[in-house]
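Below: the structure, in structure tokens.
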Amino acid sequence: MQAWQVHQLGEPSEVMQLQEVERPQPGDGQVLLKVRAANINFPDALMCRGHYQVRPPLPFTPGVEICGETEDGRRVLANPALPYGGFAEYVVADAAALLPAPDALDDAEAAALHIGYQTGWFGLHRRAHLEAGETLLVHAAAGGVGSAAVQLGKAAGATVIGVVGGADKAAVARELGCDVVIDRRTQDVIAAVKEATGGRGADVIYDPVGGEAYTQSTKVVAFEGRIVVVGFASGSIPSPALNHALVKNYSILGLHWGLYNTKNPKLIQHCHEQLTDLAARGAIKPLVSERVPLSGAAAAVQRVADGVTTGRVAVVPSLENGAAA
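Residue numbers (the numbering used here): 28 to 352.
What follows is the structure in structure tokens.
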């Protein structure tokens, strides 16, 4: 089969190589899956650079979530068992962790429903307890993680403020349903949030960026507000001033979605049921901005790493032969 492999660490476009390799063999409790679509996540780029918390042995194939097909023809969502990641024609995955792909979504959309939407659901509902009528602020609202949070926030009845970088991303954020869109390149984020909320601030802030975005969050979080720390796409990990959290009565909540797989896997299944229902009702629909063939995976991972994409980019192996996605 064909698979992208990383033999040395560096930028995705430089270190990912498309090669002919043996199909992975499933071990105990694993299944072989044909990849129908593999969603690109920022951690894929971090793994190529050696900066992610999971460091598979070299050589490895990136790709942490797929929509795949079982040998008996079922469509499923899976996290491939690294080092055999999803940017390949076949993967192996733990049988017990497979989730049924929602009928309402195509392969690329289904692949995009997994990590980003699960992270959003756990962040907004399990950690921050977002309530209808509250104001949600989402940083990087047009990106893969942010776009999921925007849709989930709207589905929960929140007023959503999206922060983006650039006019094109601002247009995407509006299409996603943001009630207010702030372009950090041309607007003062802090002043704009205060104006939009009548000086009150945001009840819940969803931050996959870190760095300056986190600093802005602390200045616009409402009384008894919650800042959900999801990641550090900016590359800068902030050091929070806890005295500031004390005097403003806000909470800083960490979210590492992957821990639920081992700490409380039943919640993963419950979350998937909630997401499947929302998708069936049309309340959420992953924004797949681009579908690329397997041969285009390295360049696509680099674009995601460079922050120039919107929504999700999916690798669809069948496109190589001109088939429909």
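The beta carbon of each residue, even a glycine, is placed where N, CA and C say it ideally should be.
Look at I264 and G237 and say whether their C-beta atoms are less than 8 Å apart.
yes
What ranges does the beta strand (DSSP E) occupy inside the region 95 to 172, keeping only unbroken runs of at least 3 residues that lie completely in it?
102 to 105, 117 to 121 and 162 to 166
Residues that R339 bridges to, as DSSP identifies them:
V315
Does DSSP put T224 in a helix, a strand or coil?
Note: T224 maps to coil in three-state DSSP.
Is the beta carbon of Q214 closer than 8 Å to that of E116?
no
Since N66 sits in a beta bridge, which residues does DSSP pair it with?
E92 and A341
Between which residues of its own chain and L73 is the CB-CB distance below 6 Å, once the five residues before and five after are set aside?
Y79
Does the beta carbon of K290 sit closer than 8 Å to a beta carbon anywhere in chain B?
Within the model displayed, chain B is absent; a lone protein chain is all it includes.
Where S278 sits in the DSSP three-state scheme
Per DSSP, reduced to three states, the secondary structure at S278 is strand.
Measure the alpha-carbon distance for I311 versus N68 and round it to whole angstroms.
Approximately 19 Å between the Cα atoms of the pair.
In this structure, how does DSSP classify T289 when only helix, strand and coil are distinguished?
helix
Which stretch, first to last residue, makes up the beta strand (DSSP E) that contains L203?
Careful: L203 lies outside any beta strand (DSSP E), inside the alpha helix (DSSP H) at A194 to L203.
How would you call D134, buried or exposed, if buried means at least 16 neighbouring beta carbons within 10 angstroms?
buried
Assuming D234 is part of the beta strand (DSSP E), what are its boundary residues?
A229 to D234
Classify P107: buried if its beta carbon has 16 or more other beta carbons within 10 angstroms, exposed otherwise.
buried
Taking DSSP as the reference, what is the three-state secondary structure of L45?
strand
In the DSSP output, which residue or residues are listed as bridge partners for D210?
V191
Just how far apart, CA to CA, sit L140 and R201?
20 Å
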